[in-house]
Amino acid sequence: MRTYLDFEEPIKELHEQLEKTKEIQEKSKVDVKTLTSDLVQKIEQTTKDIFASLTPWQRVQLSRHPQRPYTLGYINAMTEEFIELHGDRNFGDDHAMVGGLGMLNGRSVMFIGQQKGINTKMRQYRNFGMANPEGYRKALRLMKMAEKFDIPVVTLIDTPGAFPGLEAEERGQGEAIAKNLMEMVKLRVPVICVIIGEGASGGALGIGIGDQVVMLENSWYSVISPENCSTILWRNWDHKIEAADALKLTSMDMLNNKLIDGVISEPLGGAHADPEGMFEILKKELTERIDTLEKIDPEKRIKNRIKKFSAMGEFQ
Amino acid sequence: MGWFKRIKSGITTKSKDKKEIPEGLWYKCPSCKHVATSEEQEKLLWVCEGCGHHERIGSEEYFSILFDNNEFKELNPRMVSGDPLVFTDTKAYPDRLAKSQAATGLKDAIRTAYGPIDGQNAVVACMDFRFIGGSMGSVVGEKIARGIDYAIKNECPFICLSKSGGARMMEAGFSLMQMAKTSAKLTQLADAKLPYISILTDPTTGGVTASFAMLGDLNIAEPKALIGFAGPRVVKETIGKDLPEGFQRSEFVRDHGFLDYIVERSKLKSQLSLSLKMLRKTN
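Those protein sequences? They're chains A and B, same order as listed.
Residue 276 in the working numbering sits at position 276 of the first sequence, and the numbers go up by one each step.
Residue 1172 in the working numbering sits at position 172 of the second sequence, and the numbers go up by one each step.
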């Protein structure tokens, strides 16, 4: 069963009508072909209309859609082979941060990303995609391995933030993220970062320094979630919609502010409406972008990376 | 005898001890209530004589503590923030900036300067908590970036005193990317083999901890400073329990392996200059 968000209600109704029409056809053998094709067309048009004018808050809702594909879903669908690699070789294995070697169109790629759970039990197991320090250290271990064997790195970002727990503090959450920022700047292999869902703050940036940082159309990326922003600036949760507007957190806003390198379109109705289509789009994008980046000399790539991030800021 | 006995201090404060003290003349320690004149406090480098409480101070005070004879050249003193997102919450961001500038006499939450520390020249960046909670926006990132460039050009160490609540929400994505920017610039300082000393003072949290504050060749802190990624209130909410005594304080952070040493303010300059001296190869 597909889950519909509040603003997707009109699409839901049309889908229900379509189902009913199909039932009638099966039962009474009445020819409803024209009605069916009318409805299909209407669904497409309605979806187009709704998705043509999404508000920032609606995009935040889409980025958290329960049926939106998660990191391992992408990796498994895009690669011919995938070997998951576990652990930071120091403390443990963080289930909120996954990674491993994947074969993408016959090319070996190191995939790393936060993983959310698909049901209540798995959500807990994955800690809601909130990594601990060992997650960031595992990510760094895999990146350094990729560098050693000259394999490009792709990170898939989808997190409500780094985990703010007591033990995370004891084990140095801040240091773990900080170290990754500095090390990722210096990686000698191509690095592509894709925000596939939620890109919240330092927890996202901790695997988000790359030659190409791109966002899926309906993802968000900012320094704080709209809810937490509302809590701090307005002192309650009621202003999350205004906060979502103010933060300029959508893919197009981030691109216009030159804080990311590109936006990847999602299939009509969003990634959750057509996961297979989404996987195909991203696979093609990644392949092309890796091809381009591999042609650049490693020193030059690092120089460009430093130059790009150094240029970010607005001051007089 | 009453049914209940008040055991917590403070509640039974006698009315004569509760007197309001006019600001500017006297300093009353928030920790032990020890009273000193402002002049005495300044001589003690704003550390309580009674209990050693390190009062929060700003760039003006730290520059006077660190630079020889308070002689330094300030770098980019007029840089101010833009309003790239036209951000408005309960107040428009430019108004917030203007108000903070008027109240503090500062341009933003950081100042950078070049000068001698016991005869060794260095670039010192120092954050000011009074300016919107020491939050990191474009100016903080750019001044650190330019400070690092200046250190590379003059082949001298870079020192950063952090004091910040974290990212500045009113610059959202721009603020977040200052973490990336400062970390990227630090790789250039490292390539030039120049020392970076990070001094963490009360409080250092959020995006500042998760970027340049934790990246020093040496990470050093003042005693009992609050240092963490998530703020204590957030951690408390997450675990649903009271936090242990001393959680996220300098001593805790050092004991978990993230600080090289803790130094009292009175010894900050001498320890810093000795560390810098010994980071250089001697024959």
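C-beta: ideal position from N, C-alpha, C; glycine also.
key: Cβ neighbour criterion (16 or more within 10 Å) applied to A/N256   = Counting from one through the first sequence, the residue named residue 256 of chain A turns up at place 256. Counting Cβ neighbours within 10 Å, A/N256 comes out exposed, since fewer than 16 surround it.
task = May I ask which residues mark the beginning and end of the beta strand (DSSP E) holding B/K1163?
result = If you number the second sequence from 1, residue 1163 of chain B lands on position 163. Where B/K1163 is concerned, the enclosing beta strand (DSSP E) stretches over F1158 to S1164.
request  = Give me the Cβ distance between A/V191 and A/G210, rounded to the nearest whole Å; I'm assuming they're in contact under 8 Å.
outcome  = For this step, residue 191 of chain A is matched to residue 191 along the first sequence. For this step, residue 210 of chain A is matched to residue 210 along the first sequence. The pair is a contact, with the Cβ atoms about 4 Å apart (cut-off 8 Å).
contact_flag[the segment 149-165 of chain A, the segment 60-74 of chain A] where n(CB pairs < 8 Å) is 3 or more = Output reads yes: the segment 60-74 of chain A touches the segment 149-165 of chain A.
task = Could you spell out where the beta strand (DSSP E) holding B/R1111 opens and where it closes?
result = Taking the second sequence and counting its residues from 1, the one referred to as residue 1111 of chain B is at position 111. Where B/R1111 is concerned, the enclosing beta strand (DSSP E) stretches over I1110 to I1117.
query = Does the Cβ-Cβ distance between B/K1181 and A/M312 come in under 8 Å?
reply = The residue labelled residue 1181 of chain B in the question sits at position 181 within the second sequence. The residue labelled residue 312 of chain A in the question sits at position 312 within the first sequence. Result yes, Cβ atoms of B/K1181 and A/M312 sit closer than 8 Å.
ask   = Whose Cβ in chain B lies nearer than 9 Å to the Cβ of A/M97?
value = Locating residue 97 of chain A in the first sequence gives position 97, counting from the first residue. Chain B residues near A/M97: none, gap ~15 Å exceeds 9 Å.
ask   = Does any CB atom of chain A fall closer than 8 Å to the CB of B/I1220?
value = For the purposes of this step, residue 1220 of chain B is taken as the residue at position 220 of the second sequence. It does not; no Cβ of chain A falls within 8 Å.
message = For a test of the three-state rule: what should DSSP assign to B/A1225, helix, strand or coil?
response = Counting from one through the second sequence, the residue named residue 1225 of chain B turns up at place 225. The answer is coil: DSSP assigns B/A1225 none of H, G, I, E or B.
task = Verify whether the separation of the beta carbon atoms of A/W234 and B/D1089 is less than 8 Å.
result = Start at 1 with the first residue of the first sequence, and residue 234 of chain A comes out as number 234. Start at 1 with the first residue of the second sequence, and residue 1089 of chain B comes out as number 89. It is a contact, given that the beta carbons lie within the stated cut-off.
key: Cβ-Cβ distance between B/F1129 and B/S1100 below 8 Å   = Looking up residue 1129 of chain B in the second sequence gives position 129. Looking up residue 1100 of chain B in the second sequence gives position 100. No.
task = Give me the Cβ distance between B/A1172 and A/S222, rounded to the nearest whole Å; I'm assuming they're in contact under 8 Å.
result = Counting from one through the second sequence, the residue named residue 1172 of chain B turns up at place 172. Counting from one through the first sequence, the residue named residue 222 of chain A turns up at place 222. Confirmed, about 5 Å.
ask   = Run through DSSP, which three-state label would A/A176 get?
value = As a first step, residue 176 of chain A must be located in the first sequence, where it is residue number 176. Shown here, A/A176 sits in a helix according to DSSP, grouped into three states.
ask   = Mind checking B/R1249: buried by the 16 CB within 10 Å criterion, or exposed?
value = If you number the second sequence from 1, residue 1249 of chain B lands on position 249. That one is buried.
task = Return the residues of the segment 174-189 of chain A that lie within a Cβ-Cβ distance of less than 8 Å from chain B, sorted by chain order.
result = Residues G174, E175, I177, A178, K179, L181, M182, V185 and K186.
query = Does the beta-carbon of A/Q41 have 16 or more other beta-carbons within 10 angstroms, so that it is buried, or is it exposed?
reply = Working through the first sequence from its first residue, we reach residue 41 of chain A at position 41. So A/Q41 ends up on the exposed side.
message = Quick check: is the beta carbon of A/W57 nearer than 8 Å to any beta carbon in chain B?
response = As a working mapping, residue 57 of chain A is identified with position 57 in the first sequence. No - not a single Cβ of chain B is within 8 Å of the one on A/W57.
query = How big is the Cα-Cα spacing for A/S108 and A/G87?
reply = Numbered from 1 along the first sequence, position 108 holds the residue referred to as residue 108 of chain A. Numbered from 1 along the first sequence, position 87 holds the residue referred to as residue 87 of chain A. Spanning the alpha carbons of A/S108 and A/G87 requires a straight line of approximately 20 Å.
task = Find out if the Cβ-Cβ distance for the pair B/E1074, B/A1113 is shorter than 8 Å.
result = Along the second sequence, read from residue 1 onward, the residue named residue 1074 of chain B stands at position 74. Along the second sequence, read from residue 1 onward, the residue named residue 1113 of chain B stands at position 113. In contact: B/E1074 and B/A1113 (Cβ atoms closer than 8 Å).
query = Quick one, which of A/M78, A/V98, A/E44 and A/K33 has its alpha-carbon nearest A/I207's?
reply = Here residue 207 of chain A is taken as the residue at index 207 of the first sequence, counted from 1. Nearest C-alpha to A/I207: A/V98.
ask   = Can a CB atom of chain A be found closer than 8 Å to the CB of B/G1173?
value = Walking along the second sequence from the start, residue 1173 of chain B turns up at place 173. Contact with chain A is found for B/G1173, since one of that chain's Cβ atoms lies less than 8 Å from the residue's Cβ.
task = Can you pull the chain A residues whose beta carbon is under 8 Å from the beta carbon of B/P1084, in chain order?
result = Translated into positions along the second sequence, residue 1084 of chain B becomes position 84. Those within 8 Å of B/P1084 in chain A are N257 and E314.
query = According to DSSP, which residues form a beta bridge with B/R1249?
reply = Taking the first residue of the second sequence as position 1, residue 1249 of chain B is located at position 249. Partner(s): B/L1226.
query = Given that B/G1147 touches chain A, what residues does it touch there, using C-beta distances under 9 Å?
reply = Here residue 1147 of chain B corresponds to residue number 147 of the second sequence, with the count starting at 1. What B/G1147 touches in chain A: nothing, since even the nearest Cβ is about 13 Å away.
message = Residues of chain D with CB closer than 7 Å to the CB of B/T1112, please, in chain order.
response = Going by chain labels, chain D is absent from the structure shown, which instead holds the protein chains A and B.
query = beta strand (DSSP E) containing A/G102: first to last residue?
reply = Translated into the one-based positions of the first sequence, residue 102 of chain A becomes position 102. DSSP places A/G102 inside the beta strand (DSSP E), whose first and last residues are M97 to L104.
message = I'd like to know whether the C-beta of B/G1228 is nearer than 8 Å to at least one C-beta of chain A.
response = As a first step, residue 1228 of chain B must be located in the second sequence, where it is residue number 228. Interface residue (Cβ-Cβ distance to chain A less than 8 Å): B/G1228 is classified as such.
query = Which runs of the beta strand (DSSP E) spanning at least 3 residues fall entirely within the segment 227-280 of chain A, listed in chain order?
reply = List check, beta strand (DSSP E) in window: 262-264.
query = What residues from the segment 287-314 of chain A come within 8 Å of chain B, judged by C-beta to C-beta, listed N to C?
reply = Taking 8 Å as the Cβ-Cβ cut-off against chain B, the residues of the segment 287-314 of chain A that qualify are R305, I306, F309, S310, M312, G313 and E314.
ask   = Is the Cβ-Cβ distance between A/P160 and A/G129 less than 8 Å?
value = Within the first sequence, the letter at position 160 stands for residue 160 of chain A. Within the first sequence, the letter at position 129 stands for residue 129 of chain A. The answer is yes: Cβ separation under 8 Å.
message = B/I1065 and B/L1268 - do their beta-carbons sit closer together than 8 Å?
response = Residue mapping note: residue 1268 of chain B aligns to position 268 of the second sequence, counting from 1. Residue mapping note: residue 1065 of chain B aligns to position 65 of the second sequence, counting from 1. With contacts defined as CB atoms closer than 8 Å, B/L1268 and B/I1065 qualify as a contacting pair.
Coarse secondary structure for B/K1073, derived from DSSP in three states = As a first step, residue 1073 of chain B must be located in the second sequence, where it is residue number 73. If DSSP states are grouped into helix, strand and coil, B/K1073 belongs with the strands.
Own chain residues within Cβ distance below 8 Å of A/I24, not counting five before or after = Looking up residue 24 of chain A in the first sequence gives position 24. The answer, listed in chain order, is V30 and V32.
task = Spatial neighbours of B/D1242 within its chain, please: CB distance less than 6 Å, with the 5 preceding and 5 following residues excluded, ordered by chain position.
result = The residue given as residue 1242 of chain B occupies position 242 in the second sequence. For B/D1242, there are no CB contacts under 6 Å within the same chain when 5 residues up- and downstream are skipped.
key: Distance between beta carbons of A/L14 and B/V1235, contact taken as under 8 Å   = Position 235 of the second sequence, counted from the start, is the residue given in the question as residue 1235 of chain B. Position 14 of the first sequence, counted from the start, is the residue given in the question as residue 14 of chain A. Not quite, the Cβ-Cβ distance comes to about 47 Å (not below 8 Å), so this is no contact.
ask   = If you pair each beta-carbon of the segment 1209-1225 of chain B with each one of the segment 1250-1268 of chain B, do three or more pairs fall below 8 Å?
value = The answer is yes - the segment 1250-1268 of chain B touches the segment 1209-1225 of chain B, with three or more Cβ pairs under 8 Å.
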